[in-house]
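Residues in the sequence shown are numbered from 1 upward in steps of one, following the UniProt record's numbering.
Glycine is no exception: its CB is placed at the ideal position from the N, C-alpha and C atoms.
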Amino acid sequence: MSGLRVIEPGMLALVQDFGRFGWLAQGYSRGGPVDEHAFLWANRLLGNHFNAAQIEITLGGFSATAQASMKITVTGADVPVSVNGNSVPNWQVLQVNEGDKLAIGYARSGLRAYLAVAGGWQVTPVKGSCATVRREQIGGLTGHGHALVAGDSLTPEAVNNSSQAVTGQRVKPDFIPDYTSKLVLDVMPAAQFQQFAASAREVFFSETYQVIDKADRMGVRMKGAAVNWQGAGLVSEPLPIGAIQVPSDGQPIIMLNDRQTLGGYPKLGVLSWTAKNRLAQATPGSKIQFKEADAKPLQEQLKQVYRFFSVACQQAQNLRS
Numbered sequence: 001m002s003g004l005r006v007i008e009p010g011m012l013a014l015v016q017d018f019g020r021f022g023w024l025a026q027g028y029s030r031g032g033p034v035d036e037h038a039f040l041w042a043n044r045l046l047g048n049h050f051n052a053a054q055i056e057i058t059l060g061g062f063s064a065t066a067q068a069s070m071k072i073t074v075t076g077a078d079v080p081v082s083v084n085g086n087s088v089p090n091w092q093v094l095q096v097n098e099g100d101k102l103a104i105g106y107a108r109s110g111l112r113a114y115l116a117v118a119g120g121w122q123v124t125p126v127k128g129s130c131a132t133v134r135r136e137q138i139g140g141l142t143g144h145g146h147a148l149v150a151g152d153s154l155t156p157e158a159v160n161n162s163s164q165a166v167t168g169q170r171v172k173p174d175f176i177p178d179y180t181s182k183l184v185l186d187v188m189p190a191a192q193f194q195q196f197a198a199s200a201r202e203v204f205f206s207e208t209y210q211v212i213d214k215a216d217r218m219g220v221r222m223k224g225a226a227v228n229w230q231g232a233g234l235v236s237e238p239l240p241i242g243a244i245q246v247p248s249d250g251q252p253i254i255m256l257n258d259r260q261t262l263g264g265y266p267k268l269g270v271l272s273w274t275a276k277n278r279l280a281q282a283t284p285g286s287k288i289q290f291k292e293a294d295a296k297p298l299q300e301q302l303k304q305v306y307r308f309f310s311v312a313c314q315q316a317q318n319l320r321s
């Protein structure tokens, strides 16, 4: 019997594991959770492997019926969560039983919530991952990049008794982001940073930008003071997650998980891990400022984060090399 049957998927509900590594050269983006912080905490709470599949829910409006007893948690955006109409806390291990109705309302702050189950959702991987990338028609419940729809059923993987989650266990408040706080995002200078005029770099770091409604899992577009590029045209080159591209109109675009793998616009730098996670929760209209930051301490910080969450993947190996 399945573990969860979707009643309403909301605006967008996607199955995501930590991502599809090793396929960039073939043109496949990584996919995976846009907010790694929320995703990793959900798996840690439940005693899961860091890569265990979850459901990434954009904005909310998700509901489902439990078809078996299981332990779950909801992290990420500040969404109201209820079981059988009774409010339950986020960022905490919850027990749901067969026949229970789970409802995740619309976000009060933040953008993306993560619904995890003890053991992770059982989904067949494609090219080593079940991460859903709709643009590439890969991953997800069907393997073809489809979002979840009403009537879909998901089954939990078997749970290792030695790592069973404890109902009521929760993340300490210090580790739960305030999605209403001012967004000041660390930027590590990279790529064509030095080729931008000093005046253009000053504009970027001194002005306030606004997230516009052209934002999705591919990238986030900004509106604000134009950052002028006076250099020559560029040959397309690899695009990392968090790269800040500047097209001809001077309005920055920040690339996210489902971006294309190559891009020819000049780049100012790359967001830090923490900054990228916070941007993942920014709604249209959010105001953002950027702060130049040294890459080395941020990379050391990320190494510690990945050790804490027992992350072992190509991304973590690259940090150690």
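With a 10 Å radius around its C-beta and 16 neighbouring C-beta atoms as the bar for buried, classify residue i as buried or exposed.
i	result
Ala197	exposed
Thr132	buried
Asn228	exposed
Tyr209	buried
Arg108	exposed
Gln281	buried
Gln16	buried
Gln54	buried
Gly136	For clarity, residue 136 is Glu in the given sequence; the question names Gly instead. With 16 or more other Cβ atoms within 10 Å, it is buried.
Tyr106	exposed
What does a CB cutoff of less than 7 Å around residue i pick up in its chain, not counting 5 residues either side in sequence?
i	result
Leu262	Ser236, Glu237, Pro238, Leu239
Ala293	Asp186, Val187, Met188, Ser272
CA-CA distance, residue i and residue j?
i	j	result
Ser82	Ile104	7 Å
Val305	His49	15 Å
Ser29	Asn86	39 Å
Lys234	Tyr265	Note on residue identity: the sequence assigns Leu, not Lys, to residue 234. Computed Cα separation, rounded: 7 Å.
Lys291	Gln195	18 Å
Ile244	Thr75	27 Å
Phe18	Gly31	8 Å
Leu268	Lys182	22 Å
Val270	Met188	5 Å
Trp121	Phe21	19 Å
Lys223	Gly47	41 Å
Ile254	Trp273	13 Å
residue 322	Thr167	Residue numbering for the chain in the displayed model covers 1 to 321; residue 322 lies beyond these limits and cannot be assessed.
Lys303	Val93	26 Å
Within the same chain, show all residues whose beta-carbon is closer than 8 Å to that of residue i, passing over the 5 residues directly before and after it, in chain order.
i	result
Ala147	Pro9, Leu12, Ala13, Leu14, Thr132, Arg134, Gly140
Suppose the cutoff is 6 Å on Cβ atoms and the five residues either side in sequence are ignored; what does the same chain contact list for residue i look like?
i	result
Pro156	Gly3, Met70, Val117, Gly119
His37	Asn277
Val6	Ala64, Leu148, Ala150, Asp152
Asp100	Ala66, Val83, Asn84
Pro247	Tyr265
Quick test of your reading: residue i and residue j, contact by CB under 8 Å. State the CB separation rounded to the nearest angstrom.
i	j	result
Leu45	Ala165	6 Å
Glu56	Pro33	6 Å
Val184	Gln299	So it is not a contact: roughly 19 Å between Cβ atoms.
| task | Could you tell me which uninterrupted alpha helix (DSSP H) segments, each at least 4 residues in length, are contained entirely in the region 155 to 231, listed from first to last along the chain? | result | 198 to 206
| If you scan the region 41 to 65 from start to end, which runs of the beta strand (DSSP E) of 3 or more residues do you find wholly inside it? | 54 to 58
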